[in-house]
DNA sequence: ATCAGTTGCCCAATCGTTTTGCTGCGACAA
DNA sequence: TTGTCGCAGCAAAACGATTGGGCAACTGAT
């Protein structure tokens, strides 16, 4: 079935030259002289036959496969995976490389086998991606091959990584609410002690403190990060005597629960209660009513950053052991309709953000900021 | 940086034999005799050195890369992509193959370039995946290489494809509602004329007719397949004089809008109105309250089926041109809490399905049925 | 006519495998 | 002693490319 593809030998025959010459002209090898006429003849033959080099053979010879592997822990269940893959793929393609994607299902043994498989295939480097931001321990096999982490950090020296800027995310969330005039805020945080949990809270607290909010103005509770958790937490918050006018949710799913609690309590969003989410899971944030203002995680950008770093490392001279760069990328605030001024300052004519506008957060303006070391 | 991997030559030296012998023992070539002692020595040397063959070289020699490509139109935005990839990957891995994933973004020119890149890399075959079920026209480049379609059909002969069984889905939806006792049904269908639109309606109608429902008992309207569309359509349906007691939605996002409309009209789900969705988008169906009973699309299974077909074709003798198999896979009904008996027969003690049970639909019981030709 | 320098192209080795012979050797029969 | 046979193993030719080193043929100067 597979019709054999055209080889360089056939092109050589067609053009009446040696394969050496064909290779020289097709690769524009400098220092090699070939007559313009011959050059034309070869090129012509190549297109006429529809020649495309066999990358396997090329790779074997050049010791460069122009192939990278992306190993993820859970490719299937989140839409985030796709964005990271896409980011990586876009830069790969711009360098004539292709990406092997494998998913480990969090099983160390599967991971081992799959990485081994990638190495046997002579990948030039590996992107190691986590679906939620966390610290990982790198499989030892990866020591011998250039590696970059996505959405994960590690303590091993020499390994670049990129993660979301959780602190900035927390700040941006606070900023959005403060800018709308809120002074009594709540944050429903994740119960799990992961970087996002610490970072977002730190950022949120910091920005609130900057604005002069006291301890009483800021309620922070934790919950399971699903609609049920958000519902329970919100009921408690909203029935308390110090009812917040705005709630920042660890993620969008949690916010769904908050919406339900608000509805049940007769609170309208955003008139009576403002809500900010996190993740910008399109189907959730854009699907609930009113649309959820939320903070996007920079999955695509992380994929791009990591892939670029990876190729840099691959192309770098082996002896040049520069320190591994790391980055925290800030995601944009996605403005929808869940934030308005608090009830006491509300003036219908002056809603702050138009629906569905996509813009960047906060006072520092500018495009998604990138903070990185070295 | 990349530490060169062990080659067969080194193993040969270590074991004191020729590379031929190493190859023979490591591949268990039949018809080749090698002394048990030597055999042991070679194997030992191989593991001691941590030898793993260079797949590039192997492929070059054997003309088989054990690599397949998956080209999708939109990898990033739906969680469905991940499931198809995972399905394909699982069977690939069981055959010692790996999957290249590329995403075309619906751009024909990008698609062409990416497929070309895959072919240069000597992939053994290609999976061509659509993110929503539709009929596609195959890029001509794919004529020369084994190809299987996922979630798409095509008229080209000799190309296997697999799609969801839309008709069965429509029937299952009707079955769920009829079994709960509903007799006045509505279906909010997609406005776009795609296979899912036709198939689901056909199935829904057919099952309703079987149950003896007349034209008046069945309202079918169309809408944009997003929450807004569902909202508008549901308002209209629920305010009409022939208010249905149950609504089947073309997809889960649409159902979100139906939920909102119901809430606004003071109708409780499922007591006053039952709802069935389609897609089982976890974050949506499991996130809204009450949990949405819905029909899952068999993305993972389609990935598996397609990959298996692909490998079969790859391994088949070239002359053996069997007719291309095609399949329509039925997805399971995912029972949650949005379906109950209609108001007039309601008996609180007898809710039909426990929450969150995962089971198969309807009267025909059994595991997800597979219908296929040949 | 000779020589040096340039031009234009090709030979052959190489990358790491698989695979098709072939060969050297001991055993056994004639 | 010679011939035959089975066993173990090896040499070498692929696979399809890249690349360092040569080698003719031509040019122009002497």
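Chains as they are written, first to last, in this note's numbering: chain A, 2 to 375; chain B, 2 to 375.
C-beta atoms are modelled at their ideal positions from N, C-alpha and C, and glycine is treated no differently.
For residue 274/B, not one C-beta of chain A is nearer than 9 Å to its own C-beta. CA-CA distance, residue 184/A to residue 165/A, rounds to 27 Å. Taking C-beta atoms as the reference points, residue 251/B and residue 198/B count as a pair closer than 9 Å.
Residue 165/A: member of the beta strand (DSSP E) spanning 162 to 165, first to last residue. In the three-state reduction of the DSSP assignment, residue 138/A falls in the coil class. A contact between stretches requires three or more CB pairs, one per stretch, nearer than 8 Å, and the stretch 100 to 119 of chain A meets this requirement with the stretch 50 to 70 of chain A. Scanning its chain for C-beta atoms nearer than 8 Å, with the 5 sequence neighbours on each side dropped, one finds around residue 238/A the residues 187, 189, 220, 222, 244, 245, 248, in chain order. Per the Cβ contact rule, the stretch 43 to 51 of chain B is not in contact with the stretch 266 to 274 of chain B (fewer than 3 Cβ pairs under 8 Å).
For secondary structure counted as the alpha helix (DSSP H) over 4 or more consecutive residues, the stretch 34 to 118 of chain A holds these complete runs in sequence order: 37 to 50, 56 to 63, 81 to 95. When Cβ-Cβ separations below 9 Å define contact, residue 332/A makes no contact with chain B. Of all alpha-carbon atoms in 327/A, 81/A, 130/A, the one lying nearest the alpha-carbon of residue 284/A is that of 81/A. Residue 24/A and residue 111/B have their alpha carbons spaced roughly 26 Å apart. Taking a C-beta distance under 9 Å as the contact criterion, residue 229/A and residue 258/A qualify as a contact pair. Against chain A, the CB of residue 257/B has a partner CB under 9 Å away; the residue lies at that interface. The three-state secondary structure of residue 186/A, taken from DSSP, is strand.
Residues of chain B with a Cβ closer than 9 Å to the Cβ of residue 55/A are, in chain order, 61, 121, 122, 123. For the stretch 206 to 238 of chain B, the residues whose beta carbon sits under 7 Å from a beta carbon of chain A are, in order, 228. Annotation note: the stretch 178 to 241 of chain B contains the following uninterrupted alpha helix (DSSP H) runs of length 4 or greater, listed N- to C-terminal: 196 to 211, 228 to 240. Taking the Cβ atoms as the reference, residue 303/B lies roughly 7 Å from residue 88/B, within the contact range of under 8 Å. Excluding its 5 nearest sequence neighbours in each direction, residue 122/A has no C-beta neighbour in its own chain below 6 Å.
In the three-state reduction of the DSSP assignment, residue 173/B falls in the helix class. Put simply, the backbone Cα of residue 313/A is about 46 Å away from that of residue 260/A. Contacts with chain A at 9 Å (Cβ-Cβ) do not include residue 108/B. Going by DSSP, residue 311/A is part of the alpha helix (DSSP H) stretching over 300 to 316.
The stretch 140 to 157 of chain B and the stretch 207 to 220 of chain B do not touch, with fewer than 3 CB-CB distances between them shorter than 8 Å. Residue-level contact check: residue 87/B touches chain A, since one or more beta carbons of chain A fall below 9 Å from its beta carbon. Straight across, the Cα-Cα distance linking residue 66/A with residue 90/A is about 15 Å.
From the listed residues 145/B, 74/B, 114/B, 124/B, the smallest Cα separation to residue 133/B is found for 74/B.
Its chain contains 18, 22 as the residues whose beta carbon lies nearer than 7 Å to that of residue 39/A, once the 5 sequence neighbours on both sides are disregarded; these appear in chain order. The stretch 322 to 329 of chain A and the stretch 106 to 120 of chain A do not touch, with fewer than 3 CB-CB distances between them shorter than 8 Å. Beta-bridge annotation (DSSP): residue 154/A is paired with 136/A. Interface with chain B (9 Å Cβ-Cβ cutoff): residue 302/A is excluded.
Residue pairing by DSSP places residue 275/B opposite 247/B in a beta bridge. Between residue 199/A and chain B, the shortest Cβ-Cβ separation is not below 9 Å. One finds 78, 79, 80 in chain B with Cβ atoms closer than 7 Å to the Cβ of residue 80/A, taken in chain order.
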